[in-house]
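Heads up, the thing below is written out as structure tokens.
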Amino acid sequence: MVFVARIQVLNVFSSTIKDMNQAEKEEDQIILGDCVEIMRQMEPDSVDMIFADPPYNLQLRQQLYRPDLSHVEAVNDAWDKFDDFETYDQFTKDWLSACQRVLKPSGTLWVIGSYHNIYRVGTILQNLDFWILNDVVWIKSNPMPNFRGVRLTNAHETLIWAQKQRGTTYTFNHHNLKMMNDDLQMRSDWYFARCSGKERLKENGSRAHSTQKPLALLYRVLQVCTNEGDLVLDPFFGSGTTGAAARLLRRRFIGIDRDETYVRLAKERITGVTPLGEDFLLSQINPRREPRLPFGELIENGFLLPGTTLYFGENSALAAQVMADGSLMMDGKRGSIHQLGRQIKSGPVNGWTAWFYLDQVKGKRYPIDRLRQKLREYLSEKGDLES
Ligand SMILES: C[S@@+](CC[C@H](N)C(=O)[O-])C[C@H]1O[C@@H](n2cnc3c(N)ncnc32)[C@H](O)[C@@H]1O
Numbered sequence: 004m005v006f007v008a009r010i011q012v013l014n015v016f017s018s019t020i021k022d023m024n025q026a027e028k029e030e031d032q033i034i035l036g037d038c039v040e041i042m043r044q045m046e047p048d049s050v051d052m053i054f055a056d057p058p059y060n061l062q063l064r065q066q067l068y069r070p071d072l073s074h075v076e077a078v079n080d081a082w083d084k085f086d087d088f089e090t091y092d093q094f095t096k097d098w099l100s101a102c103q104r105v106l107k108p109s110g111t112l113w114v115i116g117s118y119h120n121i122y123r124v125g126t127i128l129q130n131l132d133f134w135i136l137n138d139v140v141w142i143k144s145n146p147m148p149n150f151r152g153v154r155l156t157n158a159h160e161t162l163i164w165a166q167k168q169r170g171t172t173y174t175f176n177h178h179n180l181k182m183m184n185d186d187l188q189m190r191s192d193w194y195f196a197r198c199s200g201k202e203r204l205k206e207n208g209s210r211a212h213s214t215q216k217p218l219a220l221l222y223r224v225l226q227v228c229t230n231e232g233d234l235v236l237d238p239f240f241g242s243g244t245t246g247a248a249a250r251l252l253r254r255r256f257i258g259i260d261r262d263e264t265y266v267r268l269a270k271e272r273i274t275g276v277t278p279l280g281e282d283f284l285l286s287q288i289n290p291r292r293e294p295r296l297p298f299g300e301l302i303e304n305g306f307l308l309p310g311t312t313l314y315f316g317e318n319s320a321l322a323a324q325v326m327a328d329g330s331l332m333m334d335g336k337r338g339s340i341h342q343l344g345r346q347i348k349s350g351p352v353n354g355w356t357a358w359f360y361l362d363q364v365k366g367k368r369y370p371i372d373r374l375r376q377k378l379r380e381y382l383s384e385k386g387d388l389e390s
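Using the working numbering, you'd call the opening residue of the sequence shown number 4 and step up by one each time.
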């Protein structure tokens, strides 16, 4: 199905919230309106995860210029301006309370901010009984300099990750994240470049949105605490970065923004995103829950035949042969999928994701972990596997 038909763009001024709740549950939605009003009308306990990138209240009082007197495109938007801290705090309390109502008890919330607002947001969030799980520092490899040279370069932003209710079970894809991080536990300092270059959306030669976040950041956030099919809400949708990452990773999403131009921009942007093939989205890996399946069982059950060639990487020319005893042989070297992997590449290697087989029908290589998933399904259908 073409995605254009699947994104509902709703305008609260012309559609009622009833229309929204009646909209097919599976559909992604981009809603024009005030996020507090919209969330107050949504079903309670209905959302798996919220990513919020609210106005930072940057309090910029004057135009910024570089030393060569060229103008700096800063965040001077009306939506970022508040009369005083009290007004900002009330706004923060309102939208955080609305988020709390729509989150499932197992749900979690991310808020991103800078020194201008994150301490205020953090206090209010704790006062509302959200339970902080982590604060993550996004360190920018390409920060904007302090043009006037009066303080340090502000090179990071902070993300707070909190759960709706202390002590409930929530999604944390610990094992998937370790795999993404070369078998090391994922840490709370994240390095991403500011959104620039080709990724930055432009209109009439200028930035289409002043605070577009990098897609990589949202990709990471979604990997941390959501699974395929989960419903993600972004109450400050802007250019739709959360929706773009959600669509890519096959999560459902609702995005809200009160600016018509951004709603249009986000819709156009997300329409152009192709979701990853389902085959590449392995479900949550949790070795403690999933029964262990050694590599040899793939051979015993006919999922891999001795003599099959496996490749060390999706595009690599390095190849080994599967032996009848479950070892791999390459240029006279022999070992398990993990041992041989470690001989090729120093550091931790997970053989299940490092070695690829060629799917003859599709003419593509896939990690052998895909065969393990298929074997799991096959054995559990036969009743040979306890889950
Ligand atoms: C910091 S930007 C979000 C940028 C977004 N994360 C992205 O990557 O493009 C905040 C957005 O919130 C929107 N906004 C501000 N107040 C709002 C409100 N009360 N309800 C809905 N949207 C609001 C603004 O129009 C702006 O696009």
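Heads up, the beta-carbon is just placed ideally off N, CA and C, and yes, glycines get one too. None of the values given here were measured: they were computed from a predicted structure.
{"Item": "At 4 residues or longer, and completely inside the region 133-218: list those alpha helix (DSSP H) runs for me, N to C.", "Value": "177-183"}
{"Item": "Tell me the DSSP secondary structure of L378 in three-state form.", "Value": "helix"}
{"Item": "Do G141 and A55 have their C-beta atoms closer together than 8 Å?", "Value": "Reading the sequence as shown, one finds Trp at residue 141 and not Gly. No, Cβ-Cβ distance for W141 and A55 is not below 8 Å."}
{"Item": "Once the 5 residues before and after L268 are set aside, which same chain residues still bring their CB inside 8 Å of it?", "Value": "L204, E206, A211, H212, S242 and G243"}
{"Item": "Going by DSSP in three states, F306 sits in which element: helix, strand or coil?", "Value": "coil"}
{"Item": "Kindly provide the ranges of any beta strand (DSSP E) runs that are 3 or more residues long and lie completely inside the region 226-292, ordered along the chain.", "Value": "234-237 and 255-260"}
{"Item": "Out of P297, R197, F306 and L378, point me to the one whose CA is closest to E160's CA.", "Value": "R197"}
{"Item": "For L321, does the three-state DSSP call read helix, strand or coil?", "Value": "coil"}
{"Item": "Hey, is the region 309-326 in contact with the region 348-366, meaning 3+ C-beta pairs nearer than 8 Å?", "Value": "yes"}
{"Item": "With a Cβ-Cβ cutoff of 8 Å, do R379 and L296 count as a contact?", "Value": "yes"}
{"Item": "Check the DSSP bridge columns for Y360 and list the partner residues they point to.", "Value": "Y369"}
{"Item": "Listed in chain order, which residues are found with a beta carbon closer than 5 Å to a heavy atom of ligand 1?", "Value": "D37, C38, D56, W82, H212, T214, Q215, K216, F239, G241, S242, T244, D260, R261, D262 and Y265"}
{"Item": "Between T174 and T229, is the Cβ-Cβ spacing less than 8 Å?", "Value": "yes"}
{"Item": "Determine the DSSP secondary structure at A26, reduced to helix, strand or coil.", "Value": "Confidence at A26 is low in this model, with a pLDDT of 44, below 50, so its placement is unreliable and the value that follows should be read with caution. The answer is coil: DSSP assigns A26 none of H, G, I, E or B."}
{"Item": "For a quick check, are the C-beta atoms of D80 and N353 less than 8 Å apart?", "Value": "no"}
{"Item": "Can you list, in chain order, the residues of its chain with a C-beta nearer than 7 Å to that of F306? Leave out the 5 residues immediately preceding and following it.", "Value": "L374, K377 and L378"}
{"Item": "Enumerate in chain order the residues of its own chain whose CB-to-CB distance from S100 is below 8 Å, with the five nearest sequence positions on each side excluded.", "Value": "L131"}
{"Item": "Return yes when the Cβ of S117 is within less than 8 Å of the Cβ of Y194, no when it is not.", "Value": "no"}
{"Item": "Which term fits T312, buried or exposed, when burial requires 16 or more other beta carbons within 10 angstroms of its beta carbon?", "Value": "exposed"}
{"Item": "Only counting the same chain, and skipping five residues up and downstream in sequence, which positions put a Cβ closer than 7 Å to that of A320?", "Value": "none"}
{"Item": "Going by other Cβ atoms of all chains shown within 10 Å of its Cβ, with 16 needed for buried, is N137 buried or exposed?", "Value": "exposed"}
{"Item": "Nearest-angstrom Cα distance between V266 and D260?", "Value": "6 Å"}
{"Item": "At the level of alpha carbons, what is the spacing between P57 and I257?", "Value": "16 Å"}
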